[in-house]
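Numbering (the numbering used here), first residue to last: 3 to 112. In this text, a Cβ means the ideal position worked out from N, Cα and C, and glycines have one as well.
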Amino acid sequence: MSVSTYRSFREFYPFYLSQHSHPVCRRLHVIGSTLVLLILAAALLTQQWLLLLALPVVGYGFAWVGHFRFEHNKPATFKHPLYSLMGDWVMFWQIVTGTLPEGSARRSAG
């Protein structure tokens, strides 16, 4: 399916997972997302609003290292920013809760 033909997030998500098949890439996404949540909490608790400027750097930084260094692909964010953001958080939740679908293009590191 062409990347421009996704009519729903449900259609897009299998493609999203296929672009995140390397376990190190997925770990880097989880690290980045966790740090985003921690920085957001710190900004809210301390009212140090400049911390919010770090959110895209941390969130995208870890993810993009995963894509360019381990997956060797372009992040889906470039063509589908909203669906990719949603995919990041769905995948994060599924990884931390152990509910990532079986057969979602996992492969061994190395």
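Leaving aside the five residues that flank Thr79 on each side, the residues in its chain whose CB is nearer than 6 Å to its CB run, in chain order, Ser86. In the three-state reduction of the DSSP assignment, Thr99 falls in the helix class, which pools H, G and I. Leu39 and Leu55 have their alpha carbons spaced roughly 13 Å apart.
For Thr36, the enclosing alpha helix (DSSP H) stretches over residues 25 to 48.
Approximately 5 Å separates the beta-carbon atoms of Cys27 and Phe72; this is inside 8 Å, confirming the contact.
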